[in-house]
Amino acid sequence: MWAAVLLGSLGCFLLKFAGLSVPKQVLENARMQKIAALLPIALLSALIVIQTFTTGRHLVVDARAGGLVVACVAVLLRAPFLVVVVLACAATALLRM
0 MWAAVLLGSL
10 GCFLLKFAGL
20 SVPKQVLENA
30 RMQKIAALLP
40 IALLSALIVI
50 QTFTTGRHLV
60 VDARAGGLVV
70 ACVAVLLRAP
80 FLVVVVLACA
90 ATALLRM
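Quick look at the structure:
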């Protein structure tokens, strides 16, 4: 167990060090800045899709999809974040009944 923890810690350190070792001119490149700005959006979208439409190794459409639709509508209506979360949870719970 400790070997896995230490190996994971070393991997995280090396990944962080690799990011700090990138030359400044690469980071100042306009294309790289655009990619860096869009990367969190792509990763969050992928996480949402995986958590909403999969169970184990199977693709499913269930109450979670309805909660996601309600959350999207609430975001489009510019609801506060807490309201979006509560509405999505409530819709998912109601659709599971």
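Just so it is clear: in the sequence shown, position 26 is 25 by numbering that gives the first Met the number 0, and no numbers are missing.
Quick reminder that beta carbons are idealized off the backbone N, C-alpha and C, glycines included.
Alpha-carbon to alpha-carbon, Q24 and K33: 14 Å
Checking the sheet assignment: what are the DSSP bridge partners for T91? Looking at the DSSP assignment, T91 forms no beta bridge with any residue, so it has no partner.
Say whether the region 52-70 touches the region 37-44, bearing in mind that this needs 3 or more beta-carbon pairs closer than 8 Å, one atom from each stretch. no
Give me the DSSP bridge partner(s) of L5. The partner list for L5 (beta bridge, DSSP) is empty, contrary to what the question assumes.
I need the straight-line Cα distance from L5 to M31, nearest angstrom please. 32 Å
As a quick exercise: from L94, L58, R56, pick the residue whose alpha carbon is nearest that of V68. L94
Leaving out five residues on either side along the sequence, give the residues of the same chain with a beta carbon under 8 Å from the beta carbon of V82. A73
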